[in-house]
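Structure first, then comments.
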Amino acid sequence: MDSWRKNPLVFWVFAVPPAVWLLLFFLTPLALIWVFSFGEKSGLIDVHITWTADNYMRALDPLYLQIFLKSFWFAGITTAICLVVGFVLAIAITFAPGRHRPILLLLVMLPFWTNLLIRTYALIAILRTKGSVNAALEQFWGWGNGLLALLGVEHLQLLGDRFEPLHLLYNNFAVVAGLVYVHLPFMVLPLYAALDRMDRSYIEASLDLGASQLRTFRSVVIPLAAPGIVSGVIITFVPALGSFLTPDLLGGTDSQMIANVIERQFKSANDWPFGAALSFVLMYITFFAIALRSVWSARRDAREALA
Amino acid sequence: MNGDSPIISINSVSKTFPGGVQAVQNADLEIREGEFFALLGPSGCGKTTLLRILAGFETPSTGDVFIDGKNMHGVAPNRRPVNMVFQSYAVFPHMTVADNVAYGLRVSGTDRGEISGRVKDALELVQLGEYGTRQPGQLSGGQVQRVALARALVKKPRVLLLDEPLSALDAKLRETMQMELVRLQDTVGITFIIVTHDQNEALSMADRIAVMDQGKVLQVAGPGELYEYPRDRFVAEFIGKTNLFEGTNVGWESGMLSLLVNGLGRVELPCAEHLYHDVGLAVRPEKMLLMQERPDHGYLAFEAEVEKIAYYGSESRVFLATDRGLALEVSIRNDTRAAADEQLSGRRWVVWRPEDTLILPD
Amino acid sequence: MKGARRSHGPLDYSRRLWVRITLWLSFAFLYAPIAILVIYSFNDSRRNIVWRGFTLKYYERAWNNDSLIQAFANSLTIAFFSTLFSVLLGMLTAVLLWRFRFPAKAPFEGTVSLPIIIPEICMGVAMMAFFTRIGWPVDLPWPLNLGAITIAHISFSFPFVAMVVRARLARFNREFEEAARDLGASEWQAFRDVLLPYMKPGLIAGALLAFTLSLDDFVITFFTAGPETVTFPVKVYSMVRFSVTPEVNAASTVLLLITLVLTTTAILLQNRSGRD
Numbered sequence: 005m006d007s008w009r010k011n012p013l014v015f016w017v018f019a020v021p022p023a024v025w026l027l028l029f030f031l032t033p034l035a036l037i038w039v040f041s042f043g044e045k046s047g048l049i050d051v052h053i054t055w056t057a058d059n060y061m062r063a064l065d066p067l068y069l070q071i072f073l074k075s076f077w078f079a080g081i082t083t084a085i086c087l088v089v090g091f092v093l094a095i096a097i098t099f100a101p102g103r104h105r106p107i108l109l110l111l112v113m114l115p116f117w118t119n120l121l122i123r124t125y126a127l128i129a130i131l132r133t134k135g136s137v138n139a140a141l142e143q144f145w146g147w148g149n150g151l152l153a154l155l156g157v158e159h160l161q162l163l164g165d166r167f168e169p170l171h172l173l174y175n176n177f178a179v180v181a182g183l184v185y186v187h188l189p190f191m192v193l194p195l196y197a198a199l200d201r202m203d204r205s206y207i208e209a210s211l212d213l214g215a216s217q218l219r220t221f222r223s224v225v226i227p228l229a230a231p232g233i234v235s236g237v238i239i240t241f242v243p244a245l246g247s248f249l250t251p252d253l254l255g256g257t258d259s260q261m262i263a264n265v266i267e268r269q270f271k272s273a274n275d276w277p278f279g280a281a282l283s284f285v286l287m288y289i290t291f292f293a294i295a296l297r298s299v300w301s302a303r304r305d306a307r308e309a310l311a
Numbered sequence: 007m008n009g010d011s012p013i014i015s016i017n018s019v020s021k022t023f024p025g026g027v028q029a030v031q032n033a034d035l036e037i038r039e040g041e042f043f044a045l046l047g048p049s050g051c052g053k054t055t056l057l058r059i060l061a062g063f064e065t066p067s068t069g070d071v072f073i074d075g076k077n078m079h080g081v082a083p084n085r086r087p088v089n090m091v092f093q094s095y096a097v098f099p100h101m102t103v104a105d106n107v108a109y110g111l112r113v114s115g116t117d118r119g120e121i122s123g124r125v126k127d128a129l130e131l132v133q134l135g136e137y138g139t140r141q142p143g144q145l146s147g148g149q150v151q152r153v154a155l156a157r158a159l160v161k162k163p164r165v166l167l168l169d170e171p172l173s174a175l176d177a178k179l180r181e182t183m184q185m186e187l188v189r190l191q192d193t194v195g196i197t198f199i200i201v202t203h204d205q206n207e208a209l210s211m212a213d214r215i216a217v218m219d220q221g222k223v224l225q226v227a228g229p230g231e232l233y234e235y236p237r238d239r240f241v242a243e244f245i246g247k248t249n250l251f252e253g254t255n256v257g258w259e260s261g262m263l264s265l266l267v268n269g270l271g272r273v274e275l276p277c278a279e280h281l282y283h284d285v286g287l288a289v290r291p292e293k294m295l296l297m298q299e300r301p302d303h304g305y306l307a308f309e310a311e312v313e314k315i316a317y318y319g320s321e322s323r324v325f326l327a328t329d330r331g332l333a334l335e336v337s338i339r340n341d342t343r344a345a346a347d348e349q350l351s352g353r354r355w356v357v358w359r360p361e362d363t364l365i366l367p368d
Numbered sequence: 042m043k044g045a046r047r048s049h050g051p052l053d054y055s056r057r058l059w060v061r062i063t064l065w066l067s068f069a070f071l072y073a074p075i076a077i078l079v080i081y082s083f084n085d086s087r088r089n090i091v092w093r094g095f096t097l098k099y100y101e102r103a104w105n106n107d108s109l110i111q112a113f114a115n116s117l118t119i120a121f122f123s124t125l126f127s128v129l130l131g132m133l134t135a136v137l138l139w140r141f142r143f144p145a146k147a148p149f150e151g152t153v154s155l156p157i158i159i160p161e162i163c164m165g166v167a168m169m170a171f172f173t174r175i176g177w178p179v180d181l182p183w184p185l186n187l188g189a190i191t192i193a194h195i196s197f198s199f200p201f202v203a204m205v206v207r208a209r210l211a212r213f214n215r216e217f218e219e220a221a222r223d224l225g226a227s228e229w230q231a232f233r234d235v236l237l238p239y240m241k242p243g244l245i246a247g248a249l250l251a252f253t254l255s256l257d258d259f260v261i262t263f264f265t266a267g268p269e270t271v272t273f274p275v276k277v278y279s280m281v282r283f284s285v286t287p288e289v290n291a292a293s294t295v296l297l298l299i300t301l302v303l304t305t306t307a308i309l310l311q312n313r314s315g316r317d
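Have a look at this one:
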């Protein structure tokens, strides 16, 4: 690696375009929003900068706090489900015969590469009252009734007089299902990377010393895969927290998440300062989570090197 | 424990991996209690696979393994009375040395109070008594290995398996550890089985050695017997250096076999019977002498020209060629300081005793 | 004499039944909705519930839907220009970070990766506020009116390209470049003749990545698009909002196919370049 002084001209040729672009078309918009978050709306889209903290205070309103908490809740459950399922998938892929592995990985990651909108939309068709899940359940209901008829007890109407479809859409369940659906591939990759990198002798040594599979998993695999787990949790939780499309398309009126509120401020409520403040709160949470993870891994590295 | 029955019995064990690779072919072995046993062979010969079968990490495709008289079929590794020291040591980096050593005791439900005492003893045994609170990341390679040893031995297994224990150490450390391991085994008194590709290690450490090649067990014997009485060409060549000759059978009379050896000429060897076929002969380089003049009868002697000398400090290896073009290697000890000055060149007689010639079964 | 047994080592987790069940259930979960969507795009039924017969008429209708086609054209144009500039900027960034030490390098690296980390909605509203505030002209002719969206796309795409190219550069042996200089090549020539060819697989993979990201993007585009500058995903969104018709399925299937082809190509290229 050279010092920039070694060849200043070349350095500037490479440095100026990205730097200028970032400054102009990334940092400036962000700075603008940041400034807006301290303003008040005056007129349709004008903002009067008064350096007030009102917008942030409003974010702490019970109404909005509740939405924040719900978003955390959704993101949390999603991450938990993805972690458990993702771990099993990662194990299945890591310990599969070498030739199967690339295919399995591709199969898990491919949905990730398809359009989010389409994936979410596809879920609608499945979860609708007249969608695939309910259609299948209705079939089972029919077969159940057929069986009962065979046994001669159909007049008891044990399964009800008609099929009651499950309400799987436009509610919290749908949002979580959608979030898991979208984010599961995100979780698998870092878990797989961590497991793949791990020396299998550790697992064998633990078994050899008398530990059960479960105990080995708890005492050896999880601690050694911890960096991968933390990565996976972060890249699942943070995007899930800031999710817009999934709650928008799949959620009901009380399944709103932070991103939906922000969108409303900018598109219909026209309260840009408040929207800006909410955006920044979301960003601060994101940065905080990432910083937490850096601190954690720095501590871990230090601990393993010291007495 | 019955002193006669072996502690480990490997009966006709074969292992074929998916993809067709036959790692072990029909291995039959018995290992006695308290021995220091070595599985020796070049890489790919199946020795590590056999070790892992003993530990329970591979299942034999056919055949049975008995440990302490019990058939190990279907027995998981965590239920076998054996413990293994892995080639990479596999000392858990996220636990202290003491926690590593205690791990096996903890997962088996040993009493808390007992654990700390036993851990302390185990660490003392491998001379790491003061290192309990250290992290493995802070230790040298040799020290990490000793932690792995302590961790396995603290469980008092019936058999200790070691997978290439010395290959990761540098030459000096290797020598020290060789003696250490023998001393350890002596102190603890349990059966050790080590896997190695280094014949010096096997010869110096083991009570008995099984030489393997391409999945087959070729010969099982003590070091001396293996070295002086190898049962086939491979063993003769793998262990130490050998001069190998082909001999055409031309006759046998009153205990002496007459052979025509390509490049040497007529050779007469003591032999119990006619054999009726051509044989391979093997002579170790250190059994040969170099003399200026032809010795009296009773020796085999052939003239040869010195081509090259490789100097190794305590010994030199002299490469000669007979008039008929056969290459010979002779090992001489530089047992006086003046020997280094002696200019070894020109023609010499290569001399050895007929009974030091090994007739290889074909 | 026991016969040959199956080798189930203790670490053969992928053979355990419960692992396999979870694997297949997960795949079913991940792919079933998409599969059903694709299948129903061929369903001859408006209400999209019962299978009535195979038809391509919804594809026809989608093809004849002017606003849909216009949106698609917009998406392609934006993706094209976004990719162009993203690859350029991404390449410059990657080489810059790989080759030079300079003051404030760490903060710069951090800033470059911000677009990747930041929640999309934050970036979307920031862009929207920015363009409105600076008075970006809203009545430009096509394709110039796609400028705002394109700029936004470039901003969030080029860091990804930089990441991909940087991974490729990490394995470059500098001695090649030094050898070229030693033989008399100027900086530019060494760059053009040695570094650029080496980076090519990374650049292509990065380009495909940038193209896919742009084509698929919804949130950021949603905020920077106007009534005249609708992109394909945004159009599909409004169709979904409005009603669920097989036309949407058809449009979605087409987009799916394109993305799939591009992504698979990118992955194959990455694998191949990783082998050098």
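Protein chains in written order, with the numbering used here: chain A, 5 to 311; chain B, 7 to 368; chain C, 42 to 317.
C-beta: ideal position from N, C-alpha, C; glycine also.
- No residue range can be given for Thr96(C), since it is assigned to no alpha helix (DSSP H) and is classified by DSSP as neither H nor E.
- Residues of the region 63 to 82 of chain B with a Cβ closer than 8 Å to any Cβ of chain C, in chain order: Phe63, Glu64, Thr65, Pro66, Ser67, Thr68, Gly69, Asp70, His79 and Ala82.
- Per DSSP, Phe76(A) is not a residue of any beta strand (DSSP E); the alpha helix (DSSP H) it occupies stretches across Pro66 to Thr98.
- Contact check for Leu56(B) against Asp238(B) fails: the beta carbons are separated by 8 Å or more.
- Against chain A, the CB of Pro51(C) has a partner CB under 8 Å away; the residue lies at that interface.
- The DSSP-derived three-state label of His52(A) is strand.
- When the Cα atoms are used, Trp145(A) and Ser284(C) turn out to be separated by approximately 29 Å.
- By the Cβ-count criterion, Pro106(A) is exposed, with fewer than 16 other Cβ atoms from all chains shown falling within 10 Å of its own Cβ.
- Nearest neighbour of Arg174(C) by Cα position, chosen from His52(A), Val237(A), Pro227(A) and Ala139(A), turns out to be His52(A).
- For Met169(C), the chain A residues whose C-beta falls within less than 7 Å of its own C-beta are Phe270, listed in chain order.
- In this structure Trp355(B) is in contact with Met297(B), their Cβ atoms being roughly 5 Å apart against a cut-off of 8 Å.
- In the DSSP assignment, the residues bridged to Ser264(B) are Gly257(B) and Glu274(B).
- Using beta-carbon distances, Ala96(B) counts as an interface residue toward chain A, with a partner under 8 Å.
- Of all C-beta pairs linking the region 199 to 212 of chain C to the region 240 to 254 of chain C, three or more are shorter than 8 Å, placing the two stretches in contact.
- Looking at the DSSP output, Trp358(B) shares a beta bridge with Leu306(B).
- Taken atom to atom, the span from the alpha-carbon of Val179(C) to that of Leu64(C) is near 50 Å.
- When C-alpha distances from Ala112(C) are compared across Ser196(C), Pro200(C), Ile190(C) and Glu150(C), the shortest belongs to Ile190(C).
- In the same chain as Ser210(A), and ignoring 5 residues on each side of it, the C-beta atoms closer than 6 Å to its own belong to Thr220 and Val224, in chain order.
- Residue pairing from DSSP places Met218(B) in a beta bridge opposite Val223(B).
- Going by beta carbons, Val88(B) and Pro163(B) fall inside the 8 Å limit.
- Comparing C-alpha distances from Pro227(A) to each of Leu152(A), Leu195(A), Val180(A) and Ala19(A) shows the shortest one belongs to Leu195(A).
- Unbroken alpha helix (DSSP H) runs of no fewer than 4 residues, entirely contained in the region 219 to 303 of chain A, are found at 226 to 245, 249 to 254 and 262 to 271, following chain order.
- Interface residue (Cβ-Cβ distance to chain A less than 8 Å): Arg353(B) is not classified as such.
- When 9 Å is used as the limit between beta carbons, Pro156(C) is near these residues of chain A: Leu26 and Phe30, in chain order.
- For Asp203(A), the residues of chain B that pass the 7 Å Cβ criterion are Ser94 and Ala96, in the order they occur in the chain.
- If you ignore the 5 residues before and after Phe23(B), its C-beta comes within less than 7 Å of the C-beta of Ala29, all in its own chain and listed in chain order.
- For Glu288(C), the closest alpha carbon among the candidates Leu303(C), Met164(C), Glu218(C) and Leu109(C) is that of Leu109(C).
- Between Asp203(A) and Ser18(B), the C-beta spacing is not below 8 Å.
- In the same chain as Ser154(C), and ignoring 5 residues on each side of it, the C-beta atoms closer than 7 Å to its own belong to Pro200, in chain order.
- Between Asn84(B) and chain A, the shortest Cβ-Cβ separation is below 8 Å.
- Taking a beta-carbon distance threshold of 8 Å, Ser235(A) does not count as an interface residue toward chain B.
- The C-beta of Tyr100(C) comes no closer than 8 Å to any C-beta of chain A.
- In terms of beta-carbon proximity, Gly26(B) stays away from the interface with chain A, with every pair separated by 8 Å or more.
- Taking C-alpha positions only, Ser264(B) is separated from Asn249(B) by approximately 19 Å.
- For the C-beta of Ala96(A), not a single chain B residue is nearer than 7 Å; the gap to the nearest is close to 17 Å.
- By DSSP's assignment, Leu287(B) forms a beta bridge with Phe251(B) and Ile365(B).
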